[in-house]
Amino acid sequence: MSSATDAPDATELPPTLRWRDDALVLLDQTRLPAIETLTVRTVAELVSAIRRLVVRGAPALGVAGAFGVVLARREGIDPEVIASARPTAVNLRRGVERAAAAADPLAEARAVLAEDVASCHAIGDRGAALLTELCGDRPLSLHTHCNAGALACVEWGTALGVVRSLHAAGRVSLVVADETRPLLQGSRITAVELAAIGVAHRVVVDGAAGSVIARGLVDAVVVGADRIAANGDVANKIGTYPLALAAARAGIPFVVAAPETTVDPGTASGAEIEIEERDPAEVVVGFDAWNPAFDVTPADLVTAIVTDTRVWRP
Ligand code: MRU
8 MSSATDAPDA TELPPTLRWR DDALVLLDQT RLPAIETLTV RTVAELVSAI
58 RRLVVRGAPA LGVAGAFGVV LARREGIDPE VIASARPTAV NLRRGVERAA
108 AAADPLAEAR AVLAEDVASC HAIGDRGAAL LTELCGDRPL SLHTHCNAGA
158 LACVEWGTAL GVVRSLHAAG RVSLVVADET RPLLQGSRIT AVELAAIGVA
208 HRVVVDGAAG SVIARGLVDA VVVGADRIAA NGDVANKIGT YPLALAAARA
258 GIPFVVAAPE TTVDPGTASG AEIEIEERDP AEVVVGFDAW NPAFDVTPAD
308 LVTAIVTDTR VWRP
């Protein structure tokens, strides 16, 4: 494993990941806003990188998992260890299983990557059209949580893909980004992405989100997803469910933007989704803590799920 550091430059974010010289080069998301890359050459290095959130976000995990199969083949290792590195985002297992079933895992991983790019652009455009339908043809103030942007995917993003598509049409007045406890994906990653594309934004602490919504400061909530059950229940970063409650109380849309690969027909409802439990040391030092990384928003609180192929109102 090797790492490289460049001068931070928010306007030129490197890609989330790329395959170069028979290795997977990751933008190290634990270091943002500093720009560092990490090159992984073994399955053990990839599993460690996934667990430490060097690469994170459901679609990016799917692509990384697919490239991980190339490493696993080279080492003669069962890629299951990659698929199970994090339990909640279904894309990781999907990416691994798809590449593992292919005669040429590298070609398949490249196909997974290309499909992710295409699906994010489709989600962005469809989500922008949906928000226009729901909120009207005016600049919108949008609330988001965690990071569902280019760095959670290969490029463009899902929830931030919707923001990018609206922004391209001059239709974003503000994005309110929760800082996102415990690992600050909002203040370290989403804020960097929004700054890089020139979108006006304000980071708020997670505890402020409900009152921001109640005060009428946002027109809609747009978030990503780690797994969507067959009944439309949505698992996403911890703190998403309270946003859905606040949006319902305020009477504003709560929109989920995710690729079809995040919809898991094999999971009947949110109750079946395994919620990743992380190290208490991420939130407290020397005391006991409960540190769930995700929560489940029930389908009845979801206005719509926008995917690369449809708008689903569960
Ligand atoms: O723990 P993370 O950073 O991997 O969690 C990411 C999220 O919860 C994202 O919102 C989700 O994966 C969607 S990314 C397009």
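Its first residue numbered 8, the sequence shown is counted upward by one per residue in this note's numbering.
Note that beta-carbon positions come from the ideal geometry of N, C-alpha and C, so glycine has one too.
Just so we're clear, the structure is a prediction, and the values are computed from it rather than from any experiment.
Beta carbon of residue i: closer than 8 Å to some heavy atom of the ligand MRU?
{"i": "Asn238", "result": "no"}
{"i": "Thr385", "result": "The question about residue 385 has no answer here: the residues shown for the chain are numbered 8 through 321."}
{"i": "His150", "result": "no"}
{"i": "Cys142", "result": "no"}
{"i": "Val97", "result": "no"}
{"i": "Arg93", "result": "yes"}
{"i": "Val230", "result": "yes"}
{"i": "Gly258", "result": "no"}
{"i": "Gly134", "result": "no"}
{"i": "Arg188", "result": "no"}
{"i": "Arg63", "result": "yes"}
{"i": "Phe294", "result": "no"}
{"i": "Pro22", "result": "no"}
{"i": "Ala202", "result": "no"}
{"i": "Gly156", "result": "yes"}
{"i": "Ala159", "result": "yes"}
{"i": "Pro40", "result": "no"}
{"i": "Pro66", "result": "yes"}
{"i": "Asn243", "result": "yes"}
{"i": "Asp226", "result": "no"}
{"i": "Leu53", "result": "no"}
{"i": "Leu60", "result": "yes"}
{"i": "Asp307", "result": "no"}
{"i": "Ala1", "result": "This structure gives no information on residue 1, because the portion of the chain shown stretches from 8 to 321."}
{"i": "Asp233", "result": "yes"}
{"i": "Ala300", "result": "yes"}
Considering only the beta carbon of each residue, do residue i and residue j sit closer than 9 Å?
{"i": "Val169", "j": "Val229", "result": "yes"}
{"i": "Thr44", "j": "Leu34", "result": "yes"}
{"i": "Leu24", "j": "Leu31", "result": "yes"}
{"i": "Thr274", "j": "Ala306", "result": "no"}
{"i": "His152", "j": "Ala198", "result": "no"}
{"i": "Val182", "j": "Arg209", "result": "yes"}
{"i": "Thr314", "j": "Pro249", "result": "no"}
{"i": "Pro86", "j": "Thr268", "result": "no"}
{"i": "Asp111", "j": "His150", "result": "no"}
{"i": "Ser56", "j": "Val47", "result": "In the sequence under discussion, the amino acid at residue 56 is Ala, which differs from the Ser named in the question. Taking 9 Å as the Cβ cut-off, Ala56 and Val47 qualify as a contacting pair."}
{"i": "Leu68", "j": "Arg105", "result": "no"}
{"i": "Ser7", "j": "Asp240", "result": "Only positions 8 to 321 of the chain appear in the structure, and residue 7 is not among them; the question remains open."}
{"i": "Ala159", "j": "Ile130", "result": "no"}
{"i": "Ile89", "j": "Gly72", "result": "yes"}
{"i": "Gly231", "j": "Gly75", "result": "no"}
{"i": "Glu122", "j": "Leu167", "result": "no"}
{"i": "Arg178", "j": "Ala135", "result": "yes"}
{"i": "Pro260", "j": "Ala254", "result": "yes"}
Near residue i, which residues of its chain fall below 8 Å by C-beta distance, leaving aside the five closest residues on each side in sequence?
{"i": "Arg59", "result": "Thr37"}
{"i": "Thr95", "result": "Asp233, Arg234, Ala242, Ile280, Glu281, Ile282, Glu283, Ala300, Phe301"}
{"i": "Arg257", "result": "It should be pointed out that residue 257 corresponds to Ala in this sequence rather than to Arg. Cβ neighbours of Ala257 beyond the five flanking positions: Ile220, Ala221, Gly223."}
{"i": "Asp132", "result": "Ser172"}
{"i": "Arg117", "result": "Trp26"}
{"i": "Arg100", "result": "Gly72, Ala90, Ser91"}
{"i": "Ala17", "result": "Interpretation of Ala17 is limited by its pLDDT of 40, a score under 50 that renders its predicted location unreliable; the figure taken from the coordinates is listed afterwards. Cβ within range, chain order: Pro40, Val199, Ala202, Ala203."}
{"i": "Val211", "result": "Val183, Ala184, Asp185, Glu186, Val219"}
My guess is that residue i and residue j are in contact by the Cβ rule of under 8 Å, so how many angstroms apart are they, rounded?
{"i": "Val303", "j": "Ala311", "result": "Contact flag wrong, Cβ pair sits at about 17 Å."}
{"i": "Val263", "j": "Val309", "result": "6 Å"}
{"i": "Glu162", "j": "Pro22", "result": "7 Å"}
{"i": "Asp295", "j": "Gly246", "result": "Actually they are not in contact, since the Cβ atoms of Asp295 and Gly246 sit about 21 Å apart, beyond 8 Å."}
{"i": "Leu120", "j": "Val70", "result": "5 Å"}
Less than 7 Å between C-beta atoms, sequence neighbours within five positions excluded: which residues of the same chain meet that for residue i?
{"i": "Gly164", "result": "Cys127, Ala155, Gly156, Ala157, Arg171"}
{"i": "Leu113", "result": "Val77"}
{"i": "Asn298", "result": "Pro189, Glu284, Arg285, Asp286, Pro287, Glu289, Val290"}
{"i": "Thr316", "result": "Glu267"}
{"i": "His174", "result": "Ile204, Val206"}
{"i": "Ala107", "result": "Val76, Pro86"}
{"i": "Asn98", "result": "Ala65, Pro66, Leu68, Gly69, Thr268, Thr269"}
Would the beta-carbon of residue i be found less than 8 Å away from any heavy atom of the ligand MN?
{"i": "Val262", "result": "With respect to the ligand MN, the structure offers nothing, as its ligand set consists of the ligand MRU."}
Here's a check: name, in chain order, each residue in its chain whose Cβ is nearer than 6 Å to the Cβ of residue i, leaving out the five neighbours to either side.
{"i": "Ala79", "result": "Val50, Pro86"}
{"i": "Ser148", "result": "Ser180, Leu181, Val225, Asp226"}
{"i": "Gly293", "result": "none"}
{"i": "Ala109", "result": "Glu115"}
{"i": "Ser9", "result": "Confidence is the limiting factor: at Ser9 the pLDDT is only 47, short of 50, which leaves the residue's position unreliable, though a coordinate-based value still follows. Cβ within range, chain order: Thr46."}
{"i": "Gln192", "result": "Cys153, Asn154"}
{"i": "Arg81", "result": "none"}
{"i": "Arg320", "result": "Ala311"}
Mind checking if residue i is an interface residue toward chain B, Cβ cutoff 9 Å exclusive?
{"i": "Cys160", "result": "Checking the listed chains, one finds no chain B in this structure; it contains a single protein chain."}
Touching or not, the segment 197 to 204 and the segment 134 to 150, by the rule of three or more beta carbon pairs under 8 Å?
no
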